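These protein sequence lines map, in sequence, to chains U and F.
Going by the numbering used here, the first sequence runs without a break in its numbering and finishes at 193.
Going by the numbering used here, the second sequence runs without a break in its numbering and finishes at 193.
Data block below; observations after.
There are 2 protein chains.
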Amino acid sequence: MRLHRATRDRLVWAGVATLTEKGFSAVGLEEIAQAAGIPKGSFHSYFESKEALGRALIEAYADYFARKLDRWFEDDSHTPLARLDAFVADAKAGMARHGFRRGCLVGNLGQEMGTLPEGYRDLLSRVFADWQARTARCLAAAHAAGEIATQDFEDAAAFFWIGWEGAVLRAKLERRADPLDTFARGFLATLRR
Amino acid sequence: MRLHRATRDRLVWAGVATLTEKGFSAVGLEEIAQAAGIPKGSFHSYFESKEALGRALIEAYADYFARKLDRWFEDDSHTPLARLDAFVADAKAGMARHGFRRGCLVGNLGQEMGTLPEGYRDLLSRVFADWQARTARCLAAAHAAGEIATQDFEDAAAFFWIGWEGAVLRAKLERRADPLDTFARGFLATLRR
Numbered sequence: 001m002r003l004h005r006a007t008r009d010r011l012v013w014a015g016v017a018t019l020t021e022k023g024f025s026a027v028g029l030e031e032i033a034q035a036a037g038i039p040k041g042s043f044h045s046y047f048e049s050k051e052a053l054g055r056a057l058i059e060a061y062a063d064y065f066a067r068k069l070d071r072w073f074e075d076d077s078h079t080p081l082a083r084l085d086a087f088v089a090d091a092k093a094g095m096a097r098h099g100f101r102r103g104c105l106v107g108n109l110g111q112e113m114g115t116l117p118e119g120y121r122d123l124l125s126r127v128f129a130d131w132q133a134r135t136a137r138c139l140a141a142a143h144a145a146g147e148i149a150t151q152d153f154e155d156a157a158a159f160f161w162i163g164w165e166g167a168v169l170r171a172k173l174e175r176r177a178d179p180l181d182t183f184a185r186g187f188l189a190t191l192r193r
Numbered sequence: 001m002r003l004h005r006a007t008r009d010r011l012v013w014a015g016v017a018t019l020t021e022k023g024f025s026a027v028g029l030e031e032i033a034q035a036a037g038i039p040k041g042s043f044h045s046y047f048e049s050k051e052a053l054g055r056a057l058i059e060a061y062a063d064y065f066a067r068k069l070d071r072w073f074e075d076d077s078h079t080p081l082a083r084l085d086a087f088v089a090d091a092k093a094g095m096a097r098h099g100f101r102r103g104c105l106v107g108n109l110g111q112e113m114g115t116l117p118e119g120y121r122d123l124l125s126r127v128f129a130d131w132q133a134r135t136a137r138c139l140a141a142a143h144a145a146g147e148i149a150t151q152d153f154e155d156a157a158a159f160f161w162i163g164w165e166g167a168v169l170r171a172k173l174e175r176r177a178d179p180l181d182t183f184a185r186g187f188l189a190t191l192r193r
C-alpha cells in the first residue's frame, strides 16, 4: 500500500512538471507515465482517467503552493512588504532555474479551460481565491506596520494574482524575468499610493 | 485566384476563432477546416502546414487588433484616458458576447509556447511590443492633457499588457468580467499617482 501511494505521488508530480511546461491538452498519459517511470499500462491502477489525475495534481500543486506562500508571507524576520518581495524573488529564481519553460500550473490550466473538464473551473477558481486570501493577510500586516496606504487588501490581492499570472505567461513567452519585475514594481507602487 | 484568397481568409478567421477559444494544441486541422466550411483534404492548397496557418492567423489577428486599438486610442472625441476606458469597455463587451469562452489569441498562444513551433516566440513577442507602443502613445497623450502623473509611458504600457493578459485569462476561467474591471481600475489608479 505504501508503495502504491509512493508511485501515485510520483505520477502526480510528474504530471505537475509536464503540464506546467506544456499544458493539459498537449500531454498524453503515456508521457506522464514515462516521466514518472511507470509503464503506461499500469496507469489505471492509480487513476481512473486523465481527468482524475488532473484533479489530483491541481490539488497537490495548490497545497504545495499554499505552503510556499505561508513560508514567505509568515516569515517574521522580514517586514510584510519585504516578504512579498522575497516571494517575487523566489518565483523569479524558480522560473530561471527551469529556463523559463515552466509557468504556473493553475494559470496554464485556467488558460486552457475551454477544453478542460468543466469540473476543473471551480477547482481552479478556488485555488486563486485561496492564494488571494493568504496574500490579503500579508497586505493587512503591511498596512498595520505602516508600510502601505491601501486598505482594500482583498481588492489589492485580487489585482496581484490577476496580473501576476499575466506576468508569468509573458516571462515564459519571452524567456526572461523582466515581465515579473515590471509587474511587481508596478504593483508595489500602487500599494504605496 | 480571388476565390482562393477568400477561402484562405475564411480558414484564417476560422482558425482565429477556434484557437482563441481552445488553444493550438487541442485543435486539429480538421476542426478548423470544418469551421471554415472547406473539406479537410483541400487544406493543403491553402497552407503548407498547421504551423504555416498558425503564423498567418497570428499576423491576421495582430493586424486586426492593432486597427482596433487605433480606433479607440486615436478617437479625438474622447480624452486620452477615456479612450483607454472605452477600449476596456469594448473588450469586456466582446468577451461577454462570446460567453467569456474566447480570450486573446496572442495570450493563449503565449501560454502554450512550450509546445508551439519555436518561430512563434518572436512573432508573439513582437505583437505585444506593437500593442504596447500604441498604448504608450495614448498614455503620452493623457499626460500631455494633464490626465495622468506617470511619465514613463513605455513602462506603464508594458505593465498594462502584462496584467491585462492575466485579466483576460481569469475572466475566461471565471466566466465573468470582474477580473477585467479589477485590473483596469487598479491600473488607472497607478497612472494617477
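Built from N, CA and C at the ideal position, the CB exists for glycine as well.
In this text, all values refer to a predicted model and were calculated from it rather than measured experimentally.
Under the 8 Å criterion on CB atoms, U/Ile-162 is classed as interfacial with respect to chain F. Remark: C-beta atoms of F/Leu-29 and F/Phe-43 approach each other more closely than 8 Å.
The Cβ-Cβ distance between F/Val-168 and F/Gly-107 falls below 8 Å. DSSP, reduced to helix, strand and coil, places U/Val-12 within a helical segment of the structure shown. When DSSP states are grouped into helix, strand and coil, U/Asp-178 belongs to the helix group. If you ignore the 5 residues before and after U/Arg-176, its C-beta comes within less than 7 Å of the C-beta of Phe-100, all in its own chain and listed in chain order. A contact between stretches requires three or more CB pairs, one per stretch, nearer than 8 Å, and the stretch 79-97 of chain F fails this requirement with the stretch 37-51 of chain F.
Look at F/Ile-148 here: in three-state DSSP terms it is coil, with no helix or strand label. Here the alpha carbons of U/Glu-74 and U/Leu-139 stand approximately 11 Å from one another. The beta carbon of U/Leu-81 does not come within 8 Å of any beta carbon belonging to chain F, so the residue lies off that interface. Apart from the 5 residues on each side of it in sequence, F/Trp-164 sits with its Cβ closer than 7 Å to the Cβ of Phe-183 in its chain, given in chain order.
Nearest Cα to F/Gly-146 within the set F/Gly-94, F/Leu-191, F/Gly-41: F/Leu-191. At a cut-off of 8 Å between beta-carbon atoms, U/Glu-112 makes contact with chain F. With a threshold of 8 Å between beta carbons, F/Arg-126 makes no contact with chain U. With the rule of 3 Cβ pairs closer than 8 Å, the stretch 57-73 of chain F does not count as touching the stretch 58-65 of chain U.
DSSP, reduced to helix, strand and coil, places F/Asp-76 outside both helices and strands of the structure shown, so it counts as coil. In the structure shown, F/Val-88 adopts helical secondary structure according to DSSP, grouped into three states. Think of a sphere of 7 Å around the beta carbon of U/Asp-155: the chain F residues whose beta carbon falls inside it are Thr-182, in chain order. With respect to the 8 Å criterion, U/Gly-23 and F/Glu-21 are not classified as neighbours on the basis of their beta carbons. Annotation: F/Ala-133 has no Cβ neighbours in chain U at a cutoff of 7 Å; minimum Cβ distance is about 15 Å.
Residues of the stretch 51-72 of chain F whose Cβ lies closer than 8 Å to any Cβ of chain U: none. Distance check between U/Gly-15 and each of U/Ala-36, U/Leu-3, U/Leu-109, U/Leu-188 places U/Ala-36 closest, using alpha-carbon atoms only. For F/Ala-33, the enclosing alpha helix (DSSP H) has its first and last residue at 29-36.
Remark: C-beta atoms of U/Arg-134 and U/Leu-69 approach each other more closely than 8 Å.
Membership of U/Leu-105 in the alpha helix (DSSP H) is indicated by the continuous run 105-111. For F/Thr-115, the neighbours in chain U by C-beta distance under 7 Å run, in chain order, Lys-22, Gly-23, Ala-26.
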